[in-house]
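Engineer:
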Amino acid sequence: MTTSEQSRTIAIVSAGLSQPSSTRLLADRLADAAVRELEDLGHPVRVENIELRDLAHPVVDAMLTGFATGDLARAQEAVTGADGVIAVTPVFTSSFSGLFKSFWDILDPDALSGMPVLLGATGGTARHSLALEYAVRPLFTYLHADTVPTSVFAATDDWAASAADTGAGLPRRIERAGRELARRAAQRQDDGPADPFASTPSFTELLGGS
Amino acid sequence: MQFGIFSVSDVTSDPTTGRVPDDAERVRSMLTIARHADEAGLDVFATGEHHNPPFVASSPTTMLGYLAGVTKNITLSTATTLITTNDPVRLAEEYAMLQVISDGRMDLMMGRGNTGPVYPWFGQDIRNGIPLAVENYALLRRLWTEDVVDWEGKFRTPLQGFTSTPRPLDGVAPFVWHGSIRSPEIAEQAAYYGDGFLHNNIFWPMHHTRQMVRFYRQRYEHHGHGRADQAIVGLGGQAFMRKRSQDAWNEFRPYFDNAPVYGHGPSMEDFTQQTPLTVGSPQQVIDRYASFVEDVGYYQRQLFLVDHAGLPLKTVLEQIDLLAGEVVPELRKIVEAKRPAEDVPLNPPTHAERVAAAAASGEAGATHVGDATDPYTGTVAEGGRPNDPTHVTQEARA
Numbered sequence: 001m002t003t004s005e006q007s008r009t010i011a012i013v014s015a016g017l018s019q020p021s022s023t024r025l026l027a028d029r030l031a032d033a034a035v036r037e038l039e040d041l042g043h044p045v046r047v048e049n050i051e052l053r054d055l056a057h058p059v060v061d062a063m064l065t066g067f068a069t070g071d072l073a074r075a076q077e078a079v080t081g082a083d084g085v086i087a088v089t090p091v092f093t094s095s096f097s098g099l100f101k102s103f104w105d106i107l108d109p110d111a112l113s114g115m116p117v118l119l120g121a122t123g124g125t126a127r128h129s130l131a132l133e134y135a136v137r138p139l140f141t142y143l144h145a146d147t148v149p150t151s152v153f154a155a156t157d158d159w160a161a162s163a164a165d166t167g168a169g170l171p172r173r174i175e176r177a178g179r180e181l182a183r184r185a186a187q188r189q190d191d192g193p194a195d196p197f198a199s200t201p202s203f204t205e206l207l208g209g210s
Numbered sequence: 001m002q003f004g005i006f007s008v009s010d011v012t013s014d015p016t017t018g019r020v021p022d023d024a025e026r027v028r029s030m031l032t033i034a035r036h037a038d039e040a041g042l043d044v045f046a047t048g049e050h051h052n053p054p055f056v057a058s059s060p061t062t063m064l065g066y067l068a069g070v071t072k073n074i075t076l077s078t079a080t081t082l083i084t085t086n087d088p089v090r091l092a093e094e095y096a097m098l099q100v101i102s103d104g105r106m107d108l109m110m111g112r113g114n115t116g117p118v119y120p121w122f123g124q125d126i127r128n129g130i131p132l133a134v135e136n137y138a139l140l141r142r143l144w145t146e147d148v149v150d151w152e153g154k155f156r157t158p159l160q161g162f163t164s165t166p167r168p169l170d171g172v173a174p175f176v177w178h179g180s181i182r183s184p185e186i187a188e189q190a191a192y193y194g195d196g197f198l199h200n201n202i203f204w205p206m207h208h209t210r211q212m213v214r215f216y217r218q219r220y221e222h223h224g225h226g227r228a229d230q231a232i233v234g235l236g237g238q239a240f241m242r243k244r245s246q247d248a249w250n251e252f253r254p255y256f257d258n259a260p261v262y263g264h265g266p267s268m269e270d271f272t273q274q275t276p277l278t279v280g281s282p283q284q285v286i287d288r289y290a291s292f293v294e295d296v297g298y299y300q301r302q303l304f305l306v307d308h309a310g311l312p313l314k315t316v317l318e319q320i321d322l323l324a325g326e327v328v329p330e331l332r333k334i335v336e337a338k339r340p341a342e343d344v345p346l347n348p349p350t351h352a353e354r355v356a357a358a359a360a361s362g363e364a365g366a367t368h369v370g371d372a373t374d375p376y377t378g379t380v381a382e383g384g385r386p387n388d389p390t391h392v393t394q395e396a397r398a
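Here the protein sequences line up with chains A and B, keeping their order.
Letter by letter, the first sequence follows residues 1 to 210 of the working numbering.
Letter by letter, the second sequence follows residues 1 to 398 of the working numbering.
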C-alpha cells in the first residue's frame, strides 16, 4: 500500500456564527482527537475545514436554483470525498441551526451513505444537550450515515470547568468520540462518489424493464 | 447552426409596473413573438407544454398549426412535448397532422415534465416518469413508422390493428429531440434511437451540461448512428441585450431579481457567471455563446429564452431584433467555422433531407393505408368506392 492509499481525509462542517465560535472550537477539538488516533493507526490525515457562515449566501442560492457553484461546490466535494465527517452545530430553538440543516438539505441524498460521522453541538447550558440525540442524529440516520455512538455536547460551563469539576467529562468524551470516528474512517473503503453516468442502464435494459 | 427562441409561456407580473397580462393576451403575445421571429429570420420557434397556471401553453399543436399557416420559413417545434402524460396515440396523430399542415417545417422535443401534480391529472404517476418516457416513445415511433400496429404495454390499453392517421408526410416521421437536464437515461434514449438531444442548460453550470452532452455523444456512437461528433445536439440559452451593456444591466435587473425561477436568490452578477444567462451588448452575447462549442463540441441548435419574467411584449420583440440582426449572423459565422469536419451535420436534419435519406435506404413508409372503406362500419368515404383503384397506397404502387 502506498502512503496516499493509507491517508485519510476528515471534513469538519461547523455551523457556528460568531467569531471566535465555541462551535468551531468544539469541532477543532474533535478533529484533533480523531487525527491523533488516525495517526496512531498509521494514517497520514488531511483535514478540510468548512465554515458554513462563509457559505451562507451560496447555500440559500443553491436551495433556490438547484445547483451549487464555487466554494460551496468545493465544500460539497470535500464532504462527499472524505473518509469521515465531523458535523457540529449550535443548538437554536431546541434543534440544529437552520443553516446547518440547509447545508445537508442541498447535498445529494446519497452523498453520506455509509459515511462515518461524528456529531457535536454547543449551547448555553446542558439543558440543550439531548438535541443531539433527538434532532441531529435522526437527520444523519435518515441520510444513511454511519454515526458514531458518542456524540459530544459542550455547554458554556464545560469550557470553563476544571477537570475536577467535570470529572474530565468534556475532554474524555472528545477523546472517545474522536477515537470512534478515527477507527471507522481507518476502515472505510472509499469508492468515491457514485457516477450517475456509469450506472445508467443501457437502453435495451430500459426497454426490457418497461 | 440553427438559432431560435423557446417559450415557457409564463404569465408573470411585470415587476416594474405590476401589470399582469391575462391568458388570452399572453397566448396572442406568443403568436406575435413567433411571427416576429420568422420575419426577423430566426430559424426556430419552440413552445413549451404546461397544464397549470401561471403557464398558458397547454395545446402546442393548436398553436403551432396556426403558426404554420402564418409564418414562412421558421421551423416550429416544442420545448417540450410531454411524452409521459400524453397518450402516444394522440401525439402520433397530432404531430403527424402538424407535419402535414406545416409541410414538414416542424420537429418536436420530448420531455418528461417536472411538475409532479400534472401526472395524476392525466392518469399517470410521476414515479413512473422514466418508464413512461421509454414505453410511450417506443409506441409513438411504431405508430409513425409502421402502418398497422399491434401493441401491448404497461401504461395504456393494448392496440389491435391500429393505424394512426394522417400517415407521416411522405412516409417519413418528424425529427425528434429529447430534452433532459438531469437524467442520463434520457440522453441514452436519444442516443439509442439516433435522435437529437437538447440540454436545456439555462439554469445550470456548463460543467454539468458538458457531462450530459458527452455521455449522449458517446452513446450515440455506441449505438451505431455515426461518430460521437456527428450526434445532433442542442442547447438552451438566455440573454438580455441593449446596445450599451450598462443599459441592459439596469433594465433587466428588476426582471431578474423577481424572476419566478431564480428571483430573490443569487445576484445577477453571480448567475450570469454560473449559467449561460448573458446580460450586456450583442457583442458580449456573441463572445459568450461562441465559446460553448469548446465545451460541448459543434452543435446544431441554439435556443434562447427571451419572453419570460414579465418582460413586456415590445421589449421581447426588440430582443428578437437584436438577436436576429446583430448576434446570429456573426455568431453563426464564428461557430460554423469551428465545425470539426464536413461530415458533421451543419444543422439538424430537415424534412427534405430525411425524405431523401429514407428514399435512399428504402425506409419511407406508406402515405395512405387501406382503401377508402371504414373497416369498422363498412361505410365508404365520400367520393370513393370500396377498392377504388384511385386510392391505392404508395406502398401498393411501389
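We put the beta carbon where it would ideally sit given N, CA and C, even for glycine.
Computed from a predicted model, the values in this text were never measured in an experiment.
S77 (chain B) by DSSP, collapsed to three states: which one?
Structural biologist: Position 77 of the second sequence, counting from 1, holds the residue named residue 77 (chain B). Note: S77 (chain B) maps to strand in three-state DSSP.
Engineer: With a Cβ-Cβ cutoff of 9 Å, do V136 (chain A) and P116 (chain A) count as a contact?
Structural biologist: The count along the first sequence starts at 1 and reaches residue 136 (chain A) at position 136. The count along the first sequence starts at 1 and reaches residue 116 (chain A) at position 116. Their beta carbons are not under 9 Å apart, which means V136 (chain A) does not touch P116 (chain A) by this criterion.
Engineer: Do three or more CB pairs link the region 293–302 of chain B to the region 337–357 of chain B at distances below 8 Å?
Structural biologist: Yes: the two stretches touch, three or more of their Cβ pairs being nearer than 8 Å.
Engineer: Are H351 (chain B) and R105 (chain B) close, meaning C-beta to C-beta below 9 Å?
Structural biologist: As a first step, residue 351 (chain B) is located in the second sequence; it is residue number 351 there, counting from the start. As a first step, residue 105 (chain B) is located in the second sequence; it is residue number 105 there, counting from the start. Contact flag set, yes.
Engineer: Taking CB distances under 9 Å as the criterion, tell me whether S102 (chain A) reaches chain B.
Structural biologist: The residue given as residue 102 (chain A) occupies position 102 in the first sequence. Chain B, which has no Cβ nearer than 9 Å to the Cβ of S102 (chain A), makes this no.
Engineer: With contact counted as at least three CB pairs below 8 Å, one residue from each stretch, are the region 194–213 of chain B and the region 172–189 of chain A in contact?
Structural biologist: No, because fewer than three Cβ pairs between the region 194–213 of chain B and the region 172–189 of chain A fall closer than 8 Å, the two stretches do not touch.
Engineer: Check each residue of the region 256–282 of chain B: if its Cβ is closer than 9 Å to any Cβ of chain A, include it; give the result in chain order.
Structural biologist: Answer set for the region 256–282 of chain B: V261, Y262, G263, H264, G265, P266, S267, D270, F271, Q273, Q274 and T275.
Engineer: Our contact map puts V89 (chain B) next to S9 (chain B) with C-beta atoms below 8 Å; I'd like the distance itself, whole angstroms only.
Structural biologist: Locating residue 89 (chain B) in the second sequence gives position 89, counting from the first residue. Locating residue 9 (chain B) in the second sequence gives position 9, counting from the first residue. Actually they do not touch by this definition, with Cβ atoms about 25 Å apart.
Engineer: What does D110 (chain A) reach in chain B if we use C-beta pairs closer than 9 Å?
Structural biologist: Residue numbering aside, residue 110 (chain A) sits at position 110 when the first sequence is read from its first letter. Under the 9 Å cutoff, chain B gives no residues; its nearest Cβ is about 14 Å from D110 (chain A).
Engineer: Against T200 (chain A), what residues of chain B qualify as contacts under a CB-to-CB distance less than 9 Å, listed in chain order?
Structural biologist: Here residue 200 (chain A) corresponds to residue number 200 of the first sequence, with the count starting at 1. The answer, in chain order, is S183, P184, E185, A187, E188, F215 and R219.
Engineer: Tell me the rounded alpha-carbon separation between P15 (chain B) and T32 (chain B).
Structural biologist: As a first step, residue 15 (chain B) is located in the second sequence; it is residue number 15 there, counting from the start. As a first step, residue 32 (chain B) is located in the second sequence; it is residue number 32 there, counting from the start. C-alpha separation (whole angstroms): 22 Å.
Engineer: Could you check what DSSP says for D10 (chain B) in three-state terms: helix, strand or coil?
Structural biologist: Position 10 of the second sequence, counted from the start, is the residue given in the question as residue 10 (chain B). Of the three classes helix, strand and coil, the one that applies to D10 (chain B) here is strand, per DSSP.
Engineer: Tell me the DSSP secondary structure of E146 (chain B) in three-state form.
Structural biologist: Residue numbering aside, residue 146 (chain B) sits at position 146 when the second sequence is read from its first letter. Looking at E146 (chain B) - three-state DSSP - the assignment turns out to be coil, as it is neither helix nor strand.
Engineer: Check this for me: beta carbons of F55 (chain B) and G4 (chain B), under 9 Å apart or not?
Structural biologist: Here the question's residue 55 (chain B) lines up with position 55 in the second sequence. Here the question's residue 4 (chain B) lines up with position 4 in the second sequence. No, the pair does not count as a contact, with Cβ atoms beyond the cut-off.
Engineer: Using 8 Å as the cut-off, classify the Cβ of V136 (chain A) as near or not near the heavy atoms of the ligand GDP, replying yes or no.
Structural biologist: The ligand GDP is not part of this structure, which contains no ligands at all.
Engineer: Where does the unbroken alpha helix (DSSP H) through N128 (chain B) begin, and where does it stop?
Structural biologist: For the purposes of this step, residue 128 (chain B) is identified with residue 128 of the second sequence, where counting begins at 1. Element bounds for N128 (chain B): n/a, residue is neither H nor E.
Engineer: Return the chain-ordered ranges of every alpha helix (DSSP H) run that is complete within the region 20–55 of chain A and spans a minimum of 4 residues.
Structural biologist: Listed in chain order, they are 22–40.
Engineer: DSSP three-state call for S14 (chain A): helix, strand or coil?
Structural biologist: Residue mapping note: residue 14 (chain A) aligns to position 14 of the first sequence, counting from 1. Correct three-state label for S14 (chain A): strand.
Engineer: What number of angstroms, rounded off, separates the C-alpha of I101 (chain B) from the C-alpha of R354 (chain B)?
Structural biologist: Counted from its first residue, the second sequence places residue 101 (chain B) at position 101. Counted from its first residue, the second sequence places residue 354 (chain B) at position 354. Taking the straight line from one Cα to the other gives about 17 Å.
Engineer: How long is the line joining the alpha carbons of Q170 (chain A) and R24 (chain A), rounded to whole angstroms?
Structural biologist: Taking the first sequence and counting its residues from 1, the one referred to as residue 170 (chain A) is at position 170. Taking the first sequence and counting its residues from 1, the one referred to as residue 24 (chain A) is at position 24. Gln is not the amino acid found at residue 170 (chain A); the sequence shown has Leu there. Their backbone Cα atoms lie some 15 Å apart in a straight line.
Engineer: Tell me, which residues are paired with P90 (chain A) by DSSP?
Structural biologist: Taking the first sequence and counting its residues from 1, one reaches residue 90 (chain A) at position 90. Beta-bridge pairing links P90 (chain A) to A:T122.
Engineer: For R179 (chain A), which of helix, strand or coil comes out of DSSP?
Structural biologist: Here residue 179 (chain A) is taken as the residue at index 179 of the first sequence, counted from 1. Note: R179 (chain A) maps to helix in three-state DSSP.
Engineer: So is V60 (chain A) in contact with chain B if we call contact Cβ pairs under 9 Å?
Structural biologist: Position 60 of the first sequence holds residue 60 (chain A). By this cut-off, V60 (chain A) is an interface position.
Engineer: Using a C-beta cutoff of 9 Å, does T204 (chain A) count as contacting chain B?
Structural biologist: Translated into positions along the first sequence, residue 204 (chain A) becomes position 204. At least one chain B Cβ lies under 9 Å of T204 (chain A).
Engineer: If we call anything under 9 Å between Cβ atoms a contact, is G236 (chain B) one with H207 (chain B)?
Structural biologist: Taking the second sequence and counting its residues from 1, the one referred to as residue 236 (chain B) is at position 236. Taking the second sequence and counting its residues from 1, the one referred to as residue 207 (chain B) is at position 207. The answer is no: Cβ separation not under 9 Å.
Engineer: Could you tell me which residues DSSP pairs with G111 (chain B) in its beta bridges?
Structural biologist: Indexing the second sequence from 1 puts residue 111 (chain B) at position 111. According to DSSP, G111 (chain B) bridges with B:L82.
Engineer: Check the DSSP bridge columns for A46 (chain B) and list the partner residues they point to.
Structural biologist: Numbered from 1 along the second sequence, position 46 holds the residue referred to as residue 46 (chain B). Partner(s): B:F6 and B:S77.
Engineer: T115 (chain B) and N52 (chain B): beta carbons closer than 9 Å?
Structural biologist: As a working note, residue 115 (chain B) is residue 115 in the second sequence. As a working note, residue 52 (chain B) is residue 52 in the second sequence. In contact: T115 (chain B) and N52 (chain B) (Cβ atoms closer than 9 Å).
Engineer: Can you tell me whether DSSP reads S95 (chain A) as helix, strand or coil?
Structural biologist: Numbered from its first residue, the first sequence carries residue 95 (chain A) at position 95. The answer is strand: DSSP assigns S95 (chain A) an E or B state.
Engineer: Quick one: is F203 (chain B) near chain A, going by C-beta distance under 9 Å?
Structural biologist: On the second sequence, residue 203 (chain B) is found 203 positions in, with the first residue counted as 1. Yes, because at least one Cβ of chain A sits closer than 9 Å to the Cβ of F203 (chain B).
Engineer: Measuring CB to CB, does D103 (chain B) end up less than 9 Å from A133 (chain B)?
Structural biologist: Walking along the second sequence from the start, residue 103 (chain B) turns up at place 103. Walking along the second sequence from the start, residue 133 (chain B) turns up at place 133. For D103 (chain B) and A133 (chain B), no; Cβs fall outside 9 Å.
Engineer: How about V335 (chain B) and M110 (chain B): are their beta carbons less than 9 Å apart?
Structural biologist: In the second sequence, residue 335 (chain B) corresponds to position 335, counting from 1. In the second sequence, residue 110 (chain B) corresponds to position 110, counting from 1. Against a cut-off of 9 Å, the Cβ pair of M110 (chain B) and V335 (chain B) comes out as no contact.
Engineer: So what does V380 (chain B) bridge to, in DSSP terms?
Structural biologist: Counting from one through the second sequence, the residue named residue 380 (chain B) turns up at place 380. DSSP, once it has assigned bridges, lists B:T373 as partnering V380 (chain B).
Engineer: Relative to the C-alpha of V35 (chain A), which residue among A:S129, A:D71 and A:A182 is closest?
Structural biologist: Mapped onto the first sequence, residue 35 (chain A) falls at position 35. Checked all of A:S129, A:D71 and A:A182; the closest Cα to V35 (chain A) is A:A182.
Engineer: Give a yes or no on whether 9 Å exceeds the smallest Cβ distance from I232 (chain B) to chain A.
Structural biologist: Here residue 232 (chain B) is taken as the residue at index 232 of the second sequence, counted from 1. Not one chain A Cβ lies under 9 Å of I232 (chain B).
Engineer: So is A396 (chain B) buried or exposed if we call it buried at 16+ other beta carbons inside 10 Å?
Structural biologist: As a working mapping, residue 396 (chain B) is identified with position 396 in the second sequence. For A396 (chain B), the predicted model reports a pLDDT of 42, less than 50, meaning its position is unreliable; a value from the coordinates is still stated below. Burial call: exposed.
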